[in-house]
Structures are given as C-alpha cells and as structure tokens.
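In terms of UniProt numbering, the sequence shown opens at residue 406 and continues consecutively. Even glycine gets a Cβ: it sits at the ideal position worked out from N, Cα and C.
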Amino acid sequence: GHADPDHSVAFYSLDMNQGMHERMRIESGLRHALGHGELLLYYQPKFEIGSDRIVGAEALVRWLHPERGLVPPSEFIPLAETTGLIVQVGEWVLEQACAQAAVWQRAGLRPFRLAVNVSAREFTESLPTRVAATLERYELDPCWLELEITESTLMHDIDRVIGIMDRINALGVALSLDDFGTGYSSLSYLKRFPIHTLKIDRSFTTGIPLDASDCAIASTIISIGRQLGHRVIAEGVETLDQLSFLRDSGCDEVQGYLYAAPLPAARFEQGLRDNWLL
Ligand code: C2E
Ligand code: CA
Ligand code: CA
Ligand code: CA
406 GHADPDHSVA FYSLDMNQGM HERMRIESGL RHALGHGELL LYYQPKFEIG
456 SDRIVGAEAL VRWLHPERGL VPPSEFIPLA ETTGLIVQVG EWVLEQACAQ
506 AAVWQRAGLR PFRLAVNVSA REFTESLPTR VAATLERYEL DPCWLELEIT
556 ESTLMHDIDR VIGIMDRINA LGVALSLDDF GTGYSSLSYL KRFPIHTLKI
606 DRSFTTGIPL DASDCAIAST IISIGRQLGH RVIAEGVETL DQLSFLRDSG
656 CDEVQGYLYA APLPAARFEQ GLRDNWLL
C-alpha cells in the first residue's frame, strides 16, 4: 500500500485498525451496492496548458451508501482489489463511462477522452475483448475512451502486458500510465510501453514549487515523457505557482482543483456549457 500515496491511509486502516469483521461488512456492502445501483461516477476535466481547452476527463467512482453517504474510493477500492470484487466494479465503471461518453458523443460535443481507471487484476487477456464489445454496444467512437493503468499493472510478465496494451491500442483506445514515479517499473521498460500519456502523480505536484526534489522529479518526468513521444499530464494541480512551473517545464496537460474537482455528470456538463472551452 505504500506505493500509492492516495491509498496508504486506506490500506493502513484496513490492515491495522479494521478487523476481519469490518472487512467482510464492507465487502458484502459493496456486493449489495453493485446489485442495487449505489455506485456512481464523478468526472474531473483535464486541460491542455497552452490552449486552456478541455482535452479529457477522468471517471472516478463513488459509492452512495444509504446511511454513510458518499464514500470515497480510498475506502473500498483497495479492499475490492484484495477480494477480487474489483473485477465487477471495473466492469460496471467501464460500462457506465461508455454509456455517458455515448450520450456526450450523441449530443454533438467535440470529442474529449474519458479516462477509466483499470486495476492490475482487470488487466487480463479478456480486457481488450470486453472494451471492444462495450464500445460496440454503445456505438461509441474509440477516440472517446482512454484507460489509465498504474505501474503495478506492469510489474509482472512484461511481454504479456505489452501484448494486451497493443490490442487495446489497436482498438483506437488510448492508454495512460497513472501515478508515474510511485511504482517500481524501470525506465528500460518505459520505452517499450505503447502508451499515449504519462501522468505525474499528485505526490510530486504537491511539492511544486518549494520542494526542490519534487520540482526536479516533475521536470525530469516531463522531459523523459516528451522525448519518448508521450503527452505528459500532472494530476493534483491546486495552485497557479504549480501551473506556471509545469507550463515552463513543458508539461502538456493539467488536472486538479485549480480548475475543477471531480463532479457529478450534470455539474460536469454545466461546466462544459458555461466556463470551460471545448
Ligand atoms: P487516482 O487515479 O490517482 O485519481 C486521482 C485522485 O486525486 C482522485 O481521488 C481525485 O479526486 C484526486 N484529486 C484530483 N485533483 C486533485 C487536487 O487538485 N487535489 C487533491 N488533493 N486531490 C485531487 P479519488 O476520486 O478519491 O480517487 C482515489 C483513487 O481511487 C484514484 O486515484 C484511483 O486509484 C482509485 N479509483 C477511483 N476510481 C476508480 C475506478 O473506477 N477504478 C479503479 N480501479 N480505481 C479507482
Ligand atoms: Ca487515475
Ligand atoms: Ca493518478
Ligand atoms: Ca495518484
């Protein structure tokens, strides 16, 4: 759990503070949630730094619990990953994201990529087939979809993983490498991954501009990513200082509270109509 700062608190509380009973309660609650429509997606826009246009969005899952209210993914995704329930959650997320993107496509919006987070356990031989079937079912142009995968996905059996990535690319669906720099993949693998975008983890963005190490790491990731021909996006951008450092370092895109938090579909659409350039 220490690899992703976003997850460390949840792992800690699940592993250390919560007993088996608590984990089972969350697990059966999540099963119930899947069957009873308690999951929903929020959408956070991604902006191109030069043009200030929205170039994408990330779908982020929430659990609207009847008693507990809106439960953040940190409280159930790590558990879903250990129990295997993440596969069903992931299926629901892909389905829902494609359904929503198809609505936007039909409304005649200029296409932007809607990114779905994919866990290591979902990254199997059957994933490209499932993605293709979902695109077909909604008659969604693949240019609307992107998959975000983390380095942990890429740790085992590199050749097999690259084969799956190639099949996803062949569909016209873009791949981005999420939380870059927090995992264990080496730079020698990076050059082999057929990815479109490199995503700088929020833990580095946070230290900009005062922490010299975070600045060095962020600008190095930008430099490597661009020289490998990828786009680079920074997540967790909250301040104008961070934005201007990233702009000066050649970063292509930003995502963060400075522009917008993850929003329910209706409010995201409102943003598209009112304030954001499309
Ligand atoms: P992530 O993929 O790294 O997503 C970015 C997280 O940073 C999101 O947290 C987002 O709300 C948050 N964030 C965005 N901008 C800012 C900012 O400016 N400041 C701060 N402090 N935070 C910002 P969220 O939505 O709570 O999701 C947490 C993690 O849960 C995600 O991290 C991802 O690993 C996982 N997750 C979320 N939805 C899904 C899903 O559908 N499937 C899978 N497998 N994992 C998911
Ligand atoms: Ca992500
Ligand atoms: Ca991320
Ligand atoms: Ca992150």
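Item                                                                                                      : Value
Assigned secondary structure, ARG428 (DSSP; H/G/I helix, E/B strand, else coil)                           : helix
Given 8 Å, three or more beta-carbon pairs between the segment 590 to 602 and the segment 561 to 576      : yes
Cβ contact (3+ pairs, closer than 8 Å) linking the segment 668 to 676 and the segment 636 to 654          : no
Pair within 7 Å by beta-carbon distance, ILE573 and PRO614                                                : no
PHE585 in three-state terms, based on DSSP                                                                : strand
Contact test: ASP619 Cβ vs ligand 6 heavy atom, cutoff 6 Å                                                : Absence of ligand 6 from the depicted structure is noted, with ligand 1, ligand 2, ligand 3 and ligand 4 being the only ligands included.
Same chain only: Cβ atoms within 8 Å of ASP457, ignoring 5 sequence neighbours per side                   : LEU682
Touch test, the segment 433 to 440 against the segment 658 to 674, Cβ-Cβ under 8 Å, three pairs minimum   : no
Cα-Cα separation, ALA408 to ASP583                                                                        : Per-residue confidence for ALA408 stands at a pLDDT of 44, beneath the threshold of 50, marking its modelled position as unreliable; the derived number appears in the next sentence. Taking the straight line from one Cα to the other gives about 12 Å.
GLU544 versus MET425: straight-line alpha-carbon distance, rounded                                        : 43 Å
heavy atom of ligand 4 below 6 Å from ASP606 C-beta                                                       : yes
Cβ neighbour criterion (16 or more within 10 Å) applied to GLU553                                         : buried
With 16 other Cβ atoms within 10 Å as the buried cut-off, status of PRO471                                : exposed
Residue interval of the beta strand (DSSP E) (run including ALA475)                                       : Checking the sequence shown, residue 475 turns out to be Leu, not Ala. Note, LEU475: beta strand (DSSP E), 474 to 476.
Cutoff 7 Å: GLY661 Cβ touching any chain B Cβ                                                             : Among the chains in the structure shown there is no chain B, since it carries only a single protein chain.
Where VAL659 sits in the DSSP three-state scheme                                                          : strand
Cβ-heavy atom distance, ASP584 to ligand 4, below 6 Å                                                     : yes
Option in SER591, ASP546 and PHE452 with minimal Cα separation from ILE563                                : SER591
Within 7 Å, strictly: CB atoms of ARG672 and GLY641                                                       : no
Complete beta strand (DSSP E) runs within the segment 447 to 528 (minimum length 3 residues, chain order) : 459 to 470, 474 to 476 and 518 to 523
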